[in-house]
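>
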Amino acid sequence: MTSSDNAASSSPDPTVQPVPSAVVQQVDAADATLHNPRLAVIALGSNLGNRLETIQGAVDALEDTPGLRVTAVSAVYETEPWGVPEGSQGTYFNAVVVVRTTLPPSSLLERAQAVEEAYERTRDERWGPRTLDVDIVSYQDVVSTDPRLTLPHPRAHERAFVLVPWLDVDPEGDYPGRGPLAELRSSVDDSGVRRREDIALALPS
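Numbering (our numbering), first residue to last: -6 to 198.
1. Quick one: what's got a C-beta closer than 6 Å to T26's C-beta in the same chain, skipping five residues either side?
2. For L196, which of G83, V92, F86 has the nearest alpha-carbon?
3. Select from R31, F86, A54 the residue whose C-alpha is nearest the C-alpha of V157.
4. Return the bridge partner residues of G38 from the DSSP annotation.
5. Give every residue of the same chain whose Cβ lies closer than 7 Å to the Cβ of A23, excluding the five residues on either side of it in the sequence, and list them in chain order.
6. Which of the three DSSP states, helix, strand or coil, is assigned to L27?
7. Please specify which runs of the alpha helix (DSSP H), each continuous and at least 4 residues long, are wholly inside the stretch 148 to 176, giving them in chain order.
8. Expressed to the nearest angstrom, what Euclidean distance is found between the alpha-carbon atoms of W159 and A33?
9. According to DSSP, is T95 part of a helix, a strand, or is it coil?
10. If you measure between the beta carbons of A51 and V130, is that distance less than 8 Å?
11. Let me confirm a value: A175 is counted as buried when at least 16 other C-beta atoms fall within 10 Å, else exposed. Which label applies?
So, in structure tokens, the structure goes:
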């Protein structure tokens, strides 16, 4: 871990591009059809480069999205990589954010993928190391089997690195279709999840 992991950047990451005009048009269309914002839960992770700065940049980029506001940010957790041999990759920084948005799920997914691409996320290897993961865990109470965006996330209920920070920001919350987060949290092994008390993400003002 570098010393720059110990503090969040005070300015937006220059690699995150402005929201394209096409996205703004989508937001305008969404605002015309949705009278109330929806709550969505988004999981963030990074195990390459300056992990904290990358995750903070993702939070800031989400906040800069028209039709979206970040309302809560969890603590940062250092976690062991999932699904790979022990010691084969560096540890992750993980966090969860809650957002209010008028974007429909498909547009929220497009924005999440655009933020990943800004940090040069590649998808060449399953469970491979990555600069940034931006995963939509849930969107209000929507249940969908769409292969492009399954809601809620089909495996997050098994993953302590999602459930533990999610409980930070929504201690009374439910995982759509699976029950209270606290009960799900008690059923998973959290031995590889460590809260980092020395660092924190900034909630956009």
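Think of the CB as a built atom: it goes at the ideal place given N, C-alpha and C, for glycine as much as any other residue.
Let's see:
1. Since pLDDT at T26 reaches only 45, below the 50 mark, its modelled position is unreliable, and the value read off the structure follows with that caveat. The answer is none, since no qualifying residue turns up.
2. V92
3. F86
4. N87, D126
5. In this prediction, A23 has a pLDDT of 48, which is less than 50 and means its spatial position is unreliable; what the coordinates show is noted afterwards. Cβ within range, chain order: G60, T95, L96, P97, S100.
6. No answer about L27 holds up, because its pLDDT of 44 lies below 50 and its placement is not dependable.
7. 153 to 162
8. 11 Å
9. coil
10. no
11. exposed
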